[in-house]
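S.K.: Chains A and B, in that order, give the protein sequences.
Using full-length UniProt numbering, you'd call the opening residue of the first sequence number 1 and step up by one each time.
Using full-length UniProt numbering, you'd call the opening residue of the second sequence number 1 and step up by one each time.
The beta-carbon is built from N, C-alpha and C at its ideal position, and this holds for glycine as well.
Below: one structure in structure tokens.
Protein chains: 2
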Amino acid sequence: MVTTKEPVLGFTEALVRLAHLVQQVFEDVAKEHDLTPQQAQLLCLLIDGPVGMTELTRALRLEKSSLTGLVDRAEKRGLVARTRDSHDRRACRIALTPDGERLGALAHDGMADRLETLAAGLPREQRDLLGSAIAGILAEHTATTGHPRPPADR
Amino acid sequence: MVTTKEPVLGFTEALVRLAHLVQQVFEDVAKEHDLTPQQAQLLCLLIDGPVGMTELTRALRLEKSSLTGLVDRAEKRGLVARTRDSHDRRACRIALTPDGERLGALAHDGMADRLETLAAGLPREQRDLLGSAIAGILAEHTATTGHPRPPADR
DNA sequence: TATTGTTATACTCTATAACTATA
DNA sequence: TATAGTTATAGAGTATAACAATA
Chain A
1 MVTTKEPVLG
11 FTEALVRLAH
21 LVQQVFEDVA
31 KEHDLTPQQA
41 QLLCLLIDGP
51 VGMTELTRAL
61 RLEKSSLTGL
71 VDRAEKRGLV
81 ARTRDSHDRR
91 ACRIALTPDG
101 ERLGALAHDG
111 MADRLETLAA
121 GLPREQRDLL
131 GSAIAGILAE
141 HTATTGHPRP
151 PADR
Chain B
1 MVTTKEPVLG
11 FTEALVRLAH
21 LVQQVFEDVA
31 KEHDLTPQQA
41 QLLCLLIDGP
51 VGMTELTRAL
61 RLEKSSLTGL
71 VDRAEKRGLV
81 ARTRDSHDRR
91 ACRIALTPDG
101 ERLGALAHDG
111 MADRLETLAA
121 GLPREQRDLL
131 GSAIAGILAE
141 HTATTGHPRP
151 PADR
């Protein structure tokens with residue numbers, strides 16, 4: 001008998017392991033494109049258009065000084081550029097450079113590919129159920145904290 | 001009408017957001033006990049008993065030198081202790097101190113509490129389905145990579 | 001005064017390369 | 001020779017506190 005003897009993961013343990021797995025995949029994908037996970041996350045966050053520093057600190061849950069450093073390094077690598085805000089001379093908006101746009105798209109798509117592969121073994125039905133269960137958890141969290149868009153990746 | 005108009009998350013996006021949420025919760029719980037996430041993870045990994053450095057590098061996916069530093073700092077804080085391996089004089093085993101055991105348990109339980117709360121809104125049935133869907137994904141990953149126990153948290 | 005962002009400083013975390021000691 | 005672990009070094013990521021400029 002070589003049956004897989006599932007140890008029947010506890011629910012929370014299953015969640016934690018899944019999160020670590022996704023995190024690993026994210027790190028691997030970032031590394032493939034010579035990005036740190038934080039840089040990859042920043043790029044993914046900027047795909048839809050320039051974002052201000054303050055909004056980024058909320059999305060990334062970083063102190064503003066930490067974000068300054070992250071943006072500094074990304075800018076030095078030519079991935080993003082600071083553009084002045086036309087309505088508030090104190091503020092600036094962070095935009096992707098063509099290079100950053102390219103890498104951001106690669107990272108995002110690479111992530112999607114990997115996760116699709118990982119979930120490929122799941123029957124369609126179970127997959128949908130997983131999707132809606134997750135949506136339920138995210139909704140619960142949103143309701144509790146009031147953050148309409150937690151970190152998210154785009 | 002204030003209906004929640006779910007944007008119908010894509011499957012992979014749902015996974016990524018869930019992972020970030022769990023990661024945030026983990027960071028918050030660690031911080032509550034004045035631990036870095038890495039220290040908390042280390043403590044959780046040692047709850048079942050002492051573990052050797054080499055095994056820890058695999059569990060945490062770190063280079064050995066990175067682990068040396070992590071253990072150094074945890075040891076300096078009195079959370080863990082290096083004990084000599086009785087069968088191999090090159091090797092050592094990392095064990096929790098009473099303080100580390102206490103904090104590890106608090107972090108682990110705090111994590112479980114938070115995630116339970118988060119999933120409290122899910123109907124029993126959906127929760128079970130989520131658990132088994134995750135088990136399926138983890139099994140797929142295990143089958144692909146051959147790692148019997150990815151990172152995991154205990 | 002409050003907000004936006006940067007600078008200065010100090011840690012933690014991580015990796016690569018070279019090293020020591022034991023197997 | 002190979003393995004277990006440490007040391008040296010460098011860079012990324014993060015936070016706190018103090019600051020400058022604008023609102």
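1) Could you tell me which of Gly49/B, Ala120/B, Ala40/B sits nearest to Leu138/A, measuring between CA atoms?
2) DSSP beta-bridge partners for Leu96/B?
3) Taking 8 Å as the cut-off, does the region 86-95 of chain B touch the region 25-32 of chain B (at least 3 CB pairs, one atom from each stretch)?
4) Put Gly10/B into one of helix, strand or coil per three-state DSSP.
5) Could you name the residues that DSSP lists as bridge partners for Val51/A?
6) Would a C-beta distance cut-off of 8 Å place His141/B and Leu122/A closer than the cut-off?
7) If we count the other Cβ atoms within 10 Å of its Cβ and call it buried at 16 or more, is Ala59/B buried or exposed?
8) Between Arg127/B and the rest of its own chain, which residues show a CB-CB distance below 7 Å, the 5 nearest in sequence each way excluded?
9) With DSSP collapsed to three states, give me the class of Ser86/A.
10) Whose C-alpha, out of Val80/B, Phe11/B, Arg114/B, is nearest the C-alpha of Glu101/B?
11) Quick check: the Cα distance between Ala133/A and Gly52/B, rounded to an integer number of angstroms?
12) Closer than 7 Å by beta-carbon distance: list the chain A residues that pair up with His141/B, in chain order.
13) Kindly indicate if chain A contains any beta-carbon less than 8 Å away from that of Met111/B.
14) Following the continuous alpha helix (DSSP H) through Glu125/A, name the residue where it begins and the one where it ends.
15) For Ala91/B, I'd like the list of residues in its chain whose CB is within less than 6 Å of its CB, leaving aside the five on either flank, ordered along the chain.
16) Can you tell me whether residue 189/B is buried or exposed, with buried defined as 16 or more other CB within 10 angstroms of its CB?
17) Could you give the first and the last residue of the continuous alpha helix (DSSP H) run that contains Leu35/A?
18) Measuring CB to CB, does Gln23/B end up less than 8 Å from Ala112/A?
19) So which of Thr54/B, Ala95/B, Leu9/B, Glu116/B has the shortest CA-CA distance to Leu15/A?
20) So which residues of chain A does Gln126/B contact, with C-beta pairs closer than 8 Å?
21) Within the 8 Å Cβ cut-off, does Asp153/B reach chain A?
22) Contact criterion: CB-CB distance below 8 Å. Does Arg73/A meet it with respect to chain B?
23) In this structure, does DSSP put Arg61/A in helix, strand or coil?
24) Buried or exposed for Arg124/A, please, with buried defined as at least 16 other CB atoms from any protein chain shown within 10 angstroms of its CB.
25) Specify the secondary structure class of Ala120/A as computed by DSSP and reduced to three states.
26) Here's the rule I'm using: 16 or more other beta-carbon atoms within 10 Å means buried, otherwise exposed. How should Ala107/A be labelled?
27) Is Glu63/A buried or exposed, if buried means 16 or more other CB atoms sit within 10 Å of its CB?
28) Around the C-beta of Glu55/B, are 16 or more other C-beta atoms found within 10 angstroms, so that it is buried, or is it exposed?
29) Closer than 8 Å, CB to CB, is Leu56/A near chain B or not?
30) Give me, in chain order, the residues of the same chain whose beta-carbon lies closer than 8 Å to that of Ala105/A; leave out the 5 immediate sequence neighbours on both sides.
M.R.: A quick look at the data gives this:
1) By 1-based counting over the first sequence, the position of residue 138/A is 138. The candidate whose alpha carbon is nearest that of Leu138/A is Ala120/B.
2) Locating residue 96/B in the second sequence gives position 96, where the first residue counts as 1. In DSSP, Leu96/B forms a bridge with Val80/B.
3) no
4) Translated into the one-based positions of the second sequence, residue 10/B becomes position 10. If DSSP states are grouped into helix, strand and coil, Gly10/B belongs with coil.
5) In the first sequence, the residue the question calls residue 51/A occupies position 51. Paired residues: Ile94/A.
6) Reading the second sequence from its first residue, position 141 is the one you call residue 141/B. Reading the first sequence from its first residue, position 122 is the one you call residue 122/A. No, Cβ-Cβ distance for His141/B and Leu122/A is not below 8 Å.
7) Taking the first residue of the second sequence as 1, we reach residue 59/B at position 59. Per the 10 Å Cβ criterion, buried.
8) Your numbering for residue 127/B matches position 127 in the second sequence. Correct list, in chain order: Ala119.
9) To locate residue 86/A, count along the first sequence from 1; it is residue 86. Three-state result, Ser86/A: coil.
10) By 1-based counting over the second sequence, the position of residue 101/B is 101. Of the listed residues, the one whose Cα sits closest to Glu101/B is Val80/B.
11) Position 133 of the first sequence, counted from the start, is the residue given in the question as residue 133/A. Position 52 of the second sequence, counted from the start, is the residue given in the question as residue 52/B. Their Cα atoms are separated by approximately 38 Å.
12) Residue 141/B sits at position 141 when you count from the first residue of the second sequence. Chain A residues near His141/B: Leu21, Leu118.
13) Taking the second sequence and counting its residues from 1, one reaches residue 111/B at position 111. It does: the Cβ of Met111/B has a partner Cβ on chain A nearer than 8 Å.
14) Reading the first sequence from its first residue, position 125 is the one you call residue 125/A. Start and end: 124-145.
15) Your numbering for residue 91/B matches position 91 in the second sequence. Result list for Ala91/B: Gly52, Asp85, in chain order.
16) Absent from the model: residue 189/B. The displayed extent of chain B is 1 to 154, so no value can be given.
17) Here residue 35/A refers to the residue found at position 35 when the first sequence is read from its first residue. Element bounds for Leu35/A: n/a, residue is neither H nor E.
18) Within the second sequence, residue 23/B is the residue found at index 23, counting from 1. Within the first sequence, residue 112/A is the residue found at index 112, counting from 1. Going by C-beta atoms, Gln23/B is not nearer than 8 Å to Ala112/A.
19) Looking up residue 15/A in the first sequence gives position 15. With distances taken between Cα atoms, Leu15/A lies closest to Glu116/B.
20) Residue 126/B sits at position 126 when you count from the first residue of the second sequence. Leu129, Ser132, Ala133, Gly136, listed in chain order.
21) Residue 153/B sits at position 153 when you count from the first residue of the second sequence. Annotation note: pLDDT 40 at Asp153/B (below 50); position unreliable, coordinate value reported separately. At least one chain A Cβ lies under 8 Å of Asp153/B.
22) As a first step, residue 73/A must be located in the first sequence, where it is residue number 73. Judged by the 8 Å Cβ criterion, Arg73/A is not in contact with chain B.
23) Position 61 of the first sequence, counted from the start, is the residue given in the question as residue 61/A. Three-state result, Arg61/A: coil.
24) What you label residue 124/A is simply residue 124 of the first sequence in a count that begins at 1. Classification of Arg124/A: exposed, given that the 10 Å Cβ count is below 16.
25) Working through the first sequence from its first residue, we reach residue 120/A at position 120. Here Ala120/A sits in coil by DSSP.
26) What you label residue 107/A is simply residue 107 of the first sequence in a count that begins at 1. With 16 or more other Cβ atoms within 10 Å, it is buried.
27) Within the first sequence, the letter at position 63 stands for residue 63/A. So Glu63/A ends up on the exposed side.
28) Mapped onto the second sequence, residue 55/B falls at position 55. Per the 10 Å Cβ criterion, exposed.
29) Residue mapping note: residue 56/A aligns to position 56 of the first sequence, counting from 1. So, not an interface residue.
30) Along the first sequence, read from residue 1 onward, the residue named residue 105/A stands at position 105. Result list for Ala105/A: Ile47, in chain order.
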